[in-house]
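With this note's numbering, letter number 10 in the sequence shown gets 10, and the count goes up by one each step, no holes.
Think of the CB as a built atom: it goes at the ideal place given N, C-alpha and C, for glycine as much as any other residue.
Inspection log for the structure reproduced underneath, given as structure tokens.
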Amino acid sequence: MSELIETVYNEFDSACKTRNLNWEAELELGMEFGVKFTAKLKISPKLSEDSQS
């Protein structure tokens, strides 16, 4: 299971970097009645440090 999570993380991270996005994830994994996997994602554009008003 940890390999699957690592693969998904790496693929999503790569896709967001390509599109110049920041992201945060909150994961919940439970096995009470089978496997339950919940993810909450927060995606936002990166703000350029070089931008001027």
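Here S48 carries a coil assignment [DSSP, helix/strand/coil]. Listed in chain order, the alpha helix (DSSP H) elements of length 4 or more contained wholly in the region 8-34 amount to none.
DSSP lists W23 as the bridge partner or partners of I43.
A distance below 6 Å between beta-carbons, with the five flanking residues on each side excluded, links K42 to the following residues of its chain, in chain order: E24.
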